[in-house]
Amino acid sequence: MPQLVPFYFMNQLFYGFLTLSLILITVSQYILPTIIKLYVSRLLITKL
(Lines of atoms letter the chains of each structure in order from A and count residues from 1; the text may use other names and numbers.)
(Lines give C-alpha, C1' and ligand atoms only; values in the text may rest on other atoms or scores of the structure.)
Protein backbone atom coordinates (compact mmCIF):
# COMPACT_ATOMS: atom_id res chain seq x y z
CA MET A 1 0.00 0.00 0.00
CA PRO A 2 1.61 3.28 -1.04
CA GLN A 3 -0.07 5.17 1.83
CA LEU A 4 2.26 3.51 4.33
CA VAL A 5 5.53 3.87 2.41
CA PRO A 6 7.53 6.79 3.92
CA PHE A 7 8.67 7.86 0.45
CA TYR A 8 5.14 9.12 -0.31
CA PHE A 9 4.54 10.99 2.96
CA MET A 10 5.67 14.42 1.76
CA ASN A 11 3.76 14.08 -1.50
CA GLN A 12 0.58 13.18 0.35
CA LEU A 13 1.04 15.98 2.88
CA PHE A 14 1.61 18.54 0.13
CA TYR A 15 -1.42 17.55 -1.91
CA GLY A 16 -3.52 17.14 1.22
CA PHE A 17 -2.76 20.69 2.36
CA LEU A 18 -3.24 21.97 -1.18
CA THR A 19 -6.65 20.31 -1.44
CA LEU A 20 -7.76 21.52 1.99
CA SER A 21 -6.67 25.08 1.26
CA LEU A 22 -8.50 25.12 -2.08
CA ILE A 23 -11.66 23.82 -0.41
CA LEU A 24 -11.33 26.42 2.36
CA ILE A 25 -10.84 29.28 -0.11
CA THR A 26 -13.77 28.13 -2.25
CA VAL A 27 -16.11 27.83 0.71
CA SER A 28 -15.10 31.15 2.26
CA GLN A 29 -15.21 33.13 -1.00
CA TYR A 30 -18.24 31.71 -2.80
CA ILE A 31 -20.43 29.41 -0.73
CA LEU A 32 -20.44 31.04 2.72
CA PRO A 33 -21.36 34.59 1.58
CA THR A 34 -24.39 33.24 -0.26
CA ILE A 35 -25.56 31.35 2.81
CA ILE A 36 -25.01 34.42 5.02
CA LYS A 37 -26.98 36.66 2.62
CA LEU A 38 -29.89 34.23 2.68
CA TYR A 39 -29.77 33.95 6.47
CA VAL A 40 -29.67 37.72 7.01
CA SER A 41 -32.46 38.38 4.53
CA ARG A 42 -34.68 35.77 6.16
CA LEU A 43 -33.86 37.19 9.57
CA LEU A 44 -34.82 40.71 8.46
CA ILE A 45 -38.02 39.50 6.80
CA THR A 46 -39.18 37.69 9.93
CA LYS A 47 -38.64 40.80 12.06
CA LEU A 48 -41.07 42.86 9.96
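At position 3 of the sequence shown the residue is numbered 2 (numbering that gives the first Met the number 0), and the sequence of numbers has no breaks.
All C-beta atoms, glycine included, are put in the ideal place defined by N, C-alpha and C.
Would you identify the three-state DSSP class for Lys36, choosing helix, strand or coil?
Here residue 36 refers to the residue found at position 37 of the sequence shown. DSSP places Lys36 in helix when its eight states are reduced to three.
Suppose you measure from the CA of Thr33 to the CA of Val26; what does that come to, to the nearest Å?
Start at 1 with the first residue of the sequence shown, and residue 33 comes out as number 34. Start at 1 with the first residue of the sequence shown, and residue 26 comes out as number 27. C-alpha separation (whole angstroms): 10 angstroms.
Quick one: grab the DSSP three-state call for Leu23.
Counting from 1 along the sequence shown, the entry for residue 23 is found at position 24. Helix at Leu23.
Expressed to the nearest angstrom, what Euclidean distance is found between the alpha-carbon atoms of Gly15 and Leu31?
Here the question's residue 15 lines up with position 16 in the sequence shown. Here the question's residue 31 lines up with position 32 in the sequence shown. Between Gly15 and Leu31, the C-alpha separation is close to 22 angstroms.
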